[in-house]
Amino acid sequence: MATLKQFEEALRVQGMHMALAILEKMRKEEKETRTIAPARRVAGRKMTPELARKILELHNTTDMTQQESAFQLGINQGRVNEVVKRGKWLTEDPQSEEAQARDKAKSRMKRMQSENTPILRKQPVVATTEQAPKKPKPRNTAQLSIDDFL
Numbered sequence: 001m002a003t004l005k006q007f008e009e010a011l012r013v014q015g016m017h018m019a020l021a022i023l024e025k026m027r028k029e030e031k032e033t034r035t036i037a038p039a040r041r042v043a044g045r046k047m048t049p050e051l052a053r054k055i056l057e058l059h060n061t062t063d064m065t066q067q068e069s070a071f072q073l074g075i076n077q078g079r080v081n082e083v084v085k086r087g088k089w090l091t092e093d094p095q096s097e098e099a100q101a102r103d104k105a106k107s108r109m110k111r112m113q114s115e116n117t118p119i120l121r122k123q124p125v126v127a128t129t130e131q132a133p134k135k136p137k138p139r140n141t142a143q144l145s146i147d148d149f150l
């Protein structure tokens, strides 16, 4: 199938200037009416044991993919995967890993809002210049390298 550019080139070669003018007019009209739609975003629902059971029910009774199940339930596909593969959110256990992570995140958010200061994270380790330079690896003389040809 020919592209639009190839089609235009063929019209130019054939000398069909009226067709090219019509095509250009249509392109300008389309640009004027073109709108940029915001990306579709699924609003996250709170994960509950009931929702986790619905996920498992859909997974076991239908041939839907995780993405399709997630879209139907209005949640992220990663959440579906966590329920199916790891059994997360099937209980309301406050000591579960995901509940503790959620509580930690909530307290961090509250602290950020109340203090209005950034939360310090661990600083990356920066190599100092005072360290001894690395010794080059001993070369295997039986193996060729690019340096042998230069």
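At position 86 of the sequence shown (counting the first as 1) the number is 86 in UniProt numbering, and the numbers step up by one without a gap.
For glycine and all other residues, C-beta sits at the position ideal for the given N, C-alpha and C.
- The C-beta distance from residue 73 to residue 88 rounds to 15 Å, too long to meet the 8 Å contact threshold.
- Annotation: the continuous alpha helix (DSSP H) that includes residue 99 extends over 97 to 115.
- Between residue 8 and residue 20, the C-beta gap is smaller than 8 Å, which places the two residues in contact.
- Look at the beta carbons and you see the stretch 46 to 64 not touching the stretch 20 to 31: under three pairs across the two are nearer than 8 Å.
- Separation of the CB atoms of residue 99 and residue 93 is rounded to 6 Å, and the pair is thereby assigned contact status at 8 Å.
- With 16 or more other Cβ atoms from the protein chains shown falling within 10 Å of its own Cβ, residue 75 counts as buried.
- Distance from the CA atom of residue 2 to the CA atom of residue 33, rounded to whole angstroms, is 25 Å.
- Cβ-Cβ separation between residue 70 and residue 80: approximately 5 Å, consistent with a contact (criterion under 8 Å).
- Residue 95 counts as exposed, since fewer than 16 other beta carbons sit within 10 angstroms of its beta carbon.
- Cβ-Cβ distances below 7 Å link residue 77 to 66, 67, 70 in the same chain, with the five nearest sequence neighbours on each side left out; the list follows chain order.
- Residue environment: residue 37 is assigned as exposed (fewer than 16 neighbouring CB atoms within 10 Å of its CB, all protein chains considered).
- Residue environment: residue 52 is assigned as buried (16 or more neighbouring CB atoms within 10 Å of its CB, all protein chains considered).
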